[in-house]
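Take a look at the structure set out below.
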Amino acid sequence: MTNTVTTQEDNIPIDMSKSQIKPQLSWQVILTILMFLFMYLPIFVLTFYSFNKSKYSAGWEGFTLQWYVKLFQDTRILAALQNSLTVAFFAVAVSAVIGTLMAVGLAKYKFRGKSLYLGISYLPLIIPDIAIAVATLVFLAALAIRLSLWTIIAAHIVFCLAYVGLVVSTRLADLDPNLEEAALDLGATPVEAFIQVLLPQLIPGILSGCLLAFVLSMDDFLIASFTSGSGATTLPMEIFSRIRTGVKPDINALSVILIIGSGAVAIVGEFLRNNGEAKKKNQ
Numbered sequence: 002m003t004n005t006v007t008t009q010e011d012n013i014p015i016d017m018s019k020s021q022i023k024p025q026l027s028w029q030v031i032l033t034i035l036m037f038l039f040m041y042l043p044i045f046v047l048t049f050y051s052f053n054k055s056k057y058s059a060g061w062e063g064f065t066l067q068w069y070v071k072l073f074q075d076t077r078i079l080a081a082l083q084n085s086l087t088v089a090f091f092a093v094a095v096s097a098v099i100g101t102l103m104a105v106g107l108a109k110y111k112f113r114g115k116s117l118y119l120g121i122s123y124l125p126l127i128i129p130d131i132a133i134a135v136a137t138l139v140f141l142a143a144l145a146i147r148l149s150l151w152t153i154i155a156a157h158i159v160f161c162l163a164y165v166g167l168v169v170s171t172r173l174a175d176l177d178p179n180l181e182e183a184a185l186d187l188g189a190t191p192v193e194a195f196i197q198v199l200l201p202q203l204i205p206g207i208l209s210g211c212l213l214a215f216v217l218s219m220d221d222f223l224i225a226s227f228t229s230g231s232g233a234t235t236l237p238m239e240i241f242s243r244i245r246t247g248v249k250p251d252i253n254a255l256s257v258i259l260i261i262g263s264g265a266v267a268i269v270g271e272f273l274r275n276n277g278e279a280k281k282k283n284q
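Be aware that the sequence shown starts at 2, since it is given in this note's numbering, and climbs by one per residue.
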């Protein structure tokens, strides 16, 4: 004679037990959805109106690409874009060299006042842009330097340098110092060890810092407006001068292009970061 033990779950029909399992939305999921809607809904609206035939974006009058065509025929926009690209490329190029050397020097060498210099070098990360802009303008006026496109480049190097140095320092902290020491033990000079061993490992960090600095330089308005001379108008300054009379569809189209470009830069930066981490794991 066998004893059978029945539980309460055995008495529940299969269909009824399945019907009691219902998906539940937690408050974290709802909050995340609302947050993304708050951030990206204005971008979707802007993109939608950039294809609108209406000149004043008051109502939808049909689909068109005329604002994108008009945008690429606007000489003022193209000239401002050229100025912004010139400023960004020169500022990033100089910052890449000086920022990399600064990060390596702070990580490898000890000298008097190192802590003070370390704090000063990263001050542009926490100081408001308006303070940097006013300080730079006062400094240029005290030296009687004529404002031009080159003064914008010099001002942009100040904060681009801090961003490149910070990213390279983060990358440098994850590297194995024994590789460079092994190269020195094998007869390489410090310069050869830096160029052939350390620099190739720092390239992903340098490129990521350069991409970040490039986007920030292209986006800057305050510092450029305070340090620009006559005829040295950057793209953010040109956009600001036009939206004071109302946002036109061509500015919407320009904003969409800038968003796509920034997204592409972010994707490239993330790819470089993941590629660097994958190479580090394989070593």
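We treat Cβ as the ideally placed atom computed from N, Cα and C, and that holds for glycine.
Checklist entry - Alpha carbon to alpha carbon, what distance is there between S256 and Y41? => result Computed Cα separation, rounded: 14 Å.
Next on the checklist: Taking 8 Å as the threshold (C-beta atoms), are F222 and F241 in contact?
Outcome noted: Contact: yes.
Item to check | F52 in three-state terms, based on DSSP | outcome: In the structure shown, F52 falls within a coil segment according to DSSP collapsed to helix, strand and coil.
Checklist entry - alpha helix (DSSP H) containing S170: first to last residue? => result Its alpha helix (DSSP H) spans residues L150 to A174.
Checklist entry - Can you tell which of I153, F37, L66 and L38 has the C-alpha that lies nearest to the C-alpha of Y50? => result The residue from I153, F37, L66 and L38 with its alpha-carbon nearest to that of Y50 is L66.
Checklist entry - How long is the line joining the alpha carbons of G262 and V269, rounded to whole angstroms? => result Taking the straight line joining both Cα atoms gives about 11 Å.
Checklist entry - For the candidate residues P178, I207 and L47, whose alpha-carbon lies nearest to that of A108? => result Nearest C-alpha to A108: P178.
Checklist entry - Would you call the CB atoms of W61 and A254 closer than 8 Å? => result No.
Checklist entry - Quick one: what does DSSP say F222 is sitting in, helix, strand or coil? => result In this structure, F222 counts as coil in the three-state DSSP scheme.
Item to check | Coarse secondary structure for A142, derived from DSSP in three states | outcome: If DSSP states are grouped into helix, strand and coil, A142 belongs with the helices.
Checklist entry - Counting only beta-carbon atoms, is G264 nearer than 8 Å to chain B? => result In the structure shown, chain B cannot be found, because there is only a single protein chain.
Checklist entry - Are at least three pairs of beta-carbons, each pair with one atom in the region 107–122 and one in the region 182–195, less than 8 Å apart? => result Taking 8 Å as the limit for Cβ pairs, the verdict is that the region 182–195 does not touch the region 107–122.
Next on the checklist: So if DSSP puts F64 in a beta bridge, which residue, or which two residues, is it bridged to?
Outcome noted: According to DSSP, F64 bridges with N53.
Checklist entry - Between the beta-carbon of L236 and the beta-carbon of S85, is there less than 8 Å? => result A contact, by the Cβ cut-off of 8 Å.
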